[in-house]
Amino acid sequence: MVAVQTGRSWQPIIQELEAVIAPQNVIRRKEELLVYECDGLTSYKQRPAIVVLPRTTEEVAWAVKVCDRHNIPFVARGSGTGLSGGALPLKNSVLIVTSMMSQILEVDLENQRVVVQPGVINNWVTQAVSGAGFFYAPDPSSQIICSVGGNVAENSGGVHCLKYGVTTNHILGLKLVTPDGSIVEVGGRVPEMPGYDLTGVFVGSEGTLGIATEITLRIVKVPDVIKVLLADFTSVEAAGQTVSDIISAGIIPGGMEIMDNFSINAVEDVVATNCYPRDATAILLVELDGLEVEVEANTQKVEEICCRNGARSIQTATDPAERLNLWKGRKAAFAAVGKISPDYYVQDGVVPRTKLPEMLQEIENLSQKHGYRVANVFHAGDGNLHPLILYNNAIPGELEKVEELGGEILKLCVKMGGTISGEHGIGADKRCYMPELFSETDMETMLWVRDVFDPKRIANPDKIFPTPRTCGEAGRAEAQKSFPSLERF
0 MVAVQTGRSW
10 QPIIQELEAV
20 IAPQNVIRRK
30 EELLVYECDG
40 LTSYKQRPAI
50 VVLPRTTEEV
60 AWAVKVCDRH
70 NIPFVARGSG
80 TGLSGGALPL
90 KNSVLIVTSM
100 MSQILEVDLE
110 NQRVVVQPGV
120 INNWVTQAVS
130 GAGFFYAPDP
140 SSQIICSVGG
150 NVAENSGGVH
160 CLKYGVTTNH
170 ILGLKLVTPD
180 GSIVEVGGRV
190 PEMPGYDLTG
200 VFVGSEGTLG
210 IATEITLRIV
220 KVPDVIKVLL
230 ADFTSVEAAG
240 QTVSDIISAG
250 IIPGGMEIMD
260 NFSINAVEDV
270 VATNCYPRDA
280 TAILLVELDG
290 LEVEVEANTQ
300 KVEEICCRNG
310 ARSIQTATDP
320 AERLNLWKGR
330 KAAFAAVGKI
340 SPDYYVQDGV
350 VPRTKLPEML
360 QEIENLSQKH
370 GYRVANVFHA
380 GDGNLHPLIL
390 YNNAIPGELE
400 KVEELGGEIL
410 KLCVKMGGTI
420 SGEHGIGADK
430 RCYMPELFSE
440 TDMETMLWVR
450 DVFDPKRIAN
460 PDKIFPTPRT
470 CGEAGRAEAQ
480 KSFPSLERF
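Just so we're aligned, residue 0 is where the sequence shown starts under numbering that gives the first Met the number 0, counting upward by one.
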């Protein structure tokens with residue numbers, strides 16, 4: 000790890016940056032830096048020394064070269080919607096923000112690909128191609144504001160990840176700036192390229208291997224027919240069992256989502272869909288798509304499975320406006336939970352689908368044990384849980400307690416054969432739980448890969464991997480049980 004020089008004079012660094020990047024895009028006033036002190040995980044905050052807003056690959060490369068030359072840590076940031084502290088600056092670091100790199104560079108409908116800069120908003124891609132009957136499948140709930148570059152860094156998912164896959168399944172190629180400022184290209188313009196899958200290595204690396212400055216995306220055709228079903232249940236466990244039964248029946252929906260009663264009422268208070276039954280313990284949203292005959296046959300099977308598991312009622316929608324209304328509440332769920340709690344702490348664990356009913360019961364048990372309400376909103380089809388722990392940060396010590404509860408949920412996910420992140424990444428939030436999932440050899444192997452790209456470890460340092468300094472005494476003791484060589488990382 001590069002040593003942070005606290006007594007550094009920043010004026011020469013600023014002058015070097017301004018030699019290539021417009022002065023108004025090099026931010027150094029303390030009140031302006033305040034905007035960039037955290038991402039969507041607001042419980043961690045740290046102002047960077049400087050923020051730069053490049054517009055081109057060459058400007059990104061210049062900023063990185065300045066950092067490399069002076070051994071300055073740098074952190075890449077897109078729209079700042081990440082929920083794991085992945086874009087949290089380090090003290091005396093440079094934050095490289097790609098939000099001004101917002102051009103769609105090429106639309107190639109015949110070959111079903113689009114080339115974008117990293118600051119392009121996720122939803123803009125679908126808007127650019129929807130008139131021709133295409134869409135970009137990865138659709139995080141924050142898709143109206145999150146950037147494609149951030150999606151690449153975190154390997155984001157979304158409602159449609161069950162059938163269509165997460166971000167890595169839709170990236171053909173990348174232009175990258177590596178941590179020494181070199182510009183390289185990995186992947187290409189066709190789905191299968193010979194050699195090592197460096198595109199796959201980079202996607203999900205959370206800014207520790209460099210910065211993507213051009214991204215070649217794969218787009219897909221809009222299905223002939225799309226139908227959304229909403230079933231409501233008297234227990235969350237019954238909704239979870241329904242998910243497992245639907246997949247076991249050989250049906251792969253476009254998306255399958257569960258919301259519990261806390262979330263339902265928060266959404267109706269804020270969004271007012273007038274579709275979600277307020278007295279339901281849980282609702283299950285199922286989107287079926289494909290050929291008309293396929294959708295109709297699967298609809299009948301899904302309705303039968305829902306009824307067999309105790310669904311009280313089932314709504315269906317094929318009209319685009321009606322479908323949008325059914326999904327609107329789920330897309331707004333995280334924001335709406337703020338209506339019923341001053342603060343919430345969200346986690347992002349994964350369990351096998353067959354373990355959903357058991358896991359939901361365990362979350363309820365932990366909720367009772369710790370005395371905090373937990374709202375459940377999740378991508379049920381692939382077992383990606385998003386428990387939102389409701390608390391009041393104005394009460395001293397509350398954050399630490401809910402973080403402990405969140406950690407117990409993550410450990411349970413691993414115990415049940417799952418993992419500690421489905422789409423939010425590890426970042427600063429979950430790095431201390433990596434030894435729950437990986438052996439010491441696993442961790443060393445990943446760090447060897449990192450060192451090939453970034454031997455100085457100046458690219459988003461202190462993320463993903465635990466260290467004694469970043470995990471603290473309690474985290475260090477826990478991590479060293481299964482990762483005894485933690486000190487040297």
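Heads up, the beta-carbon is just placed ideally off N, CA and C, and yes, glycines get one too.
Ordered along the chain, which non-local residues of its own chain (more than five positions away) have a Cβ less than 6 Å from that of residue i?
i	result
Gly289	Pro222
Leu489	What is shown of the chain runs 0 to 488, which leaves residue 489 out entirely.
Val285	Leu228, Pro252, Met255, Val301
Glu316	Checking the displayed sequence, the identity of residue 316 turns out to be Ala instead of Glu. Same-chain partners within the cutoff: Val227, Arg322, Leu325.
Ser366	Val373
Ala238	Phe232, Ile257, Ala281, Leu283
Glu105	Val114
Asn264	Arg277
Asp67	Asp179, Gly180
His159	Ala136, Asp138, Gly253, Gly254
Phe261	Ala374
Ile339	Ala265
Asn297	Ile250, Leu287
Pro454	none
Pro551	In the structure displayed, the chain extends from 0 to 488; residue 551 sits before or after that span and is not available.
Ala2	Here the model assigns Ala2 a pLDDT of 44, short of 50, so the residue's position is not dependable, and the following value carries that caveat. Contacts found: none.
Ser42	Leu398
Within the present structure, is the beta-carbon of residue i separated from the nearest heavy atom of the ligand NAP by less than 7 Å?
i	result
Leu197	Of the ligands one can find in the structure shown there are none, so the ligand NAP has no counterpart to examine.
Since residue i and residue j are thought to touch, with beta carbons under 8 Å apart, how far apart are those beta carbons, to the nearest angstrom?
i	j	result
Gly416	Pro351	5 Å
Leu411	Glu361	6 Å
Leu283	Ala131	Wrong, their Cβ atoms sit about 32 Å apart, outside the cutoff.
Glu15	Val65	5 Å
Gly81	Gly424	7 Å
Glu17	Val25	5 Å
Ala320	Ser83	Going by Cβ atoms, the distance from Ala320 to Ser83 rounds to 34 Å, so no, they are not a contact pair.
Evaluate residue i with the Cβ neighbour count: other Cβ atoms within 10 Å of its Cβ, from every protein chain shown; 16 or more gives buried, anything less gives exposed.
i	result
Ala152	buried
Val292	exposed
Lys429	buried
Ile143	exposed
Glu58	buried
Pro434	buried
Trp447	exposed
Val119	buried
Gly79	buried
Tyr195	exposed
Val270	buried
Ser8	exposed
Thr212	buried
Ile394	exposed
Lys462	buried
Ile12	buried
Leu33	exposed
Gln299	exposed
Glu236	buried
Within a Cβ cutoff of 7 Å, which residues of the same chain sit near residue i, ignoring the five residues on either side of it in sequence?
i	result
Val183	Leu175, Thr177
Ala458	Phe73, Pro178, Gly206, Thr207, Leu208, Gly209
Gly172	Glu184, Val185, Gly186, Gly187, Arg188, Thr198, Thr215
Phe464	Arg430, Met433, Met442, Leu446, Phe488
Gly406	Tyr432
Val202	Val151, Asn154, Thr166, Thr167, Ile170
Glu397	Tyr390, Asn391
Met0	Residue confidence for Met0 is low, a pLDDT of 44 falling below 50, so the modelled location carries little weight and cannot support an answer.
Val19	Glu58, Trp61
Excluding sequence positions up to five away, which residues of its chain have a Cβ less than 8 Å from the Cβ of residue i?
i	result
Thr241	Ala230, Phe232, Leu283, Ile304, Cys305, Asn308, Ala310
Val128	Val106, Leu108, Val113, Phe134, Tyr135, Ile218
Pro190	Leu171, Arg217
Ser243	Arg352, Thr353, Leu355, Pro356
Using a Cβ-Cβ distance cut-off of 8 Å, determine whether residue i contacts chain B.
i	result
Ile282	Although the question refers to chain B, the structure presented lacks it and comprises just one protein chain.
Only counting runs of 4 or more residues, tell me where the alpha helix (DSSP H) segments fall wholly within the segment 277-341, in order along the chain. Runs found: 291-307, 319-330, 332-336.
Could you check whether the segment 335-346 touches the segment 383-403, counting it as contact only if at least three pairs of C-beta atoms, one from each stretch, sit closer than 8 Å? yes
Unbroken stretches of the alpha helix (DSSP H), 4 residues or longer, contained in the segment 36-78: 56-68
Entirely enclosed alpha helix (DSSP H) segments - the segment 353-430, minimum 4 residues: 355-369, 397-414
In chain order, what are the residue ranges of uninterrupted beta strand (DSSP E) at least 3 long that sit wholly in the segment 219-278? Segments of the beta strand (DSSP E) lying fully in the segment 219-278: 224-232, 254-259.
Of all the beta strand (DSSP E) runs that stay within the bounds of the segment 75-99, which reach a length of 3 or more residues? 93-96
Please give the ranges of any beta strand (DSSP E) in the segment 178-212, keeping only runs that are unbroken, at least 3 residues long and fully inside the region. 182-186
Within the segment 107-167, note down every full alpha helix (DSSP H) run reaching 4 residues or more, in order along the chain. 121-128, 147-153, 160-163
Could you check whether the segment 391-408 touches the segment 437-445, counting it as contact only if at least three pairs of C-beta atoms, one from each stretch, sit closer than 8 Å? The way I'd put it, the segment 391-408 doesn't touch the segment 437-445; fewer than three beta-carbon pairs between them come closer than 8 Å.
How about the segment 229-246 and the segment 305-313: do they share at least three Cβ pairs that are nearer than 8 Å? Taking 8 Å as the limit for Cβ pairs, the verdict is that the segment 305-313 does touch the segment 229-246.
In chain order, what are the residue ranges of uninterrupted alpha helix (DSSP H) at least 4 long that sit wholly in the segment 436-463? For the segment 436-463, the full-length alpha helix (DSSP H) segments reaching 4 residues or more read 439-452 along the chain.
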